[in-house]
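First comes the structure, then the notes that go with it.
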Amino acid sequence: MKKLKLIPFEKVKKDALKDPEVKKAYDDLELEFTLKAFMMQKRIDEGITQKELARRAKTKQSAISRFESGNYNPSLAWVNNLAHALNAEVRISLK
């Protein structure tokens, strides 16, 4: 049986980001990734499930799951509602 040589993700990422088109697409998604990562970490830190967060935010667990997996592009109002359910607040800054 042939043994596979695994390439660390950071090396793949570093190599991919050398391509200007990939770098631009990656940078364009930074805000979205940051928001989702923060919300997910906040939920985990609060020790609540997606189901409980959905109950608090008066939405469906499937919406939380889609949001966390990146398969849902929510409105700002929805994000604000979710933040309140996580005892957080949304602040927007334009520079």
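If you read the sequence shown in full-length UniProt numbering, its first letter stands for residue 1, the second for the next number, and so on.
Glycine is no exception: its CB is placed at the ideal position from the N, C-alpha and C atoms.
Predicted model only: the values in this text are computed from it and were never measured.
In this structure, DSSP gives ASP45 a helical state, which the three-state scheme calls helix.
Under the DSSP assignment, ARG91 falls outside any alpha helix (DSSP H); it carries neither an H nor an E label. The DSSP-derived three-state label of ASP19 is coil. With respect to TYR72, ALA63 sits close: the two C-beta atoms are nearer than 9 Å. Fewer than three Cβ pairs drawn from the region 3-11 and the region 36-50 lie within less than 8 Å of each other, which leaves the two stretches out of contact.
Going by beta carbons, ASN81 and THR59 fall inside the 9 Å limit. Inter-residue distance for MET39 and LYS13 is about 23 Å (C-alpha atoms, whole angstroms). In the same chain as LYS36, and ignoring 5 residues on each side of it, the C-beta atoms closer than 8 Å to its own belong to PHE67, GLU68 and GLY70, in chain order.
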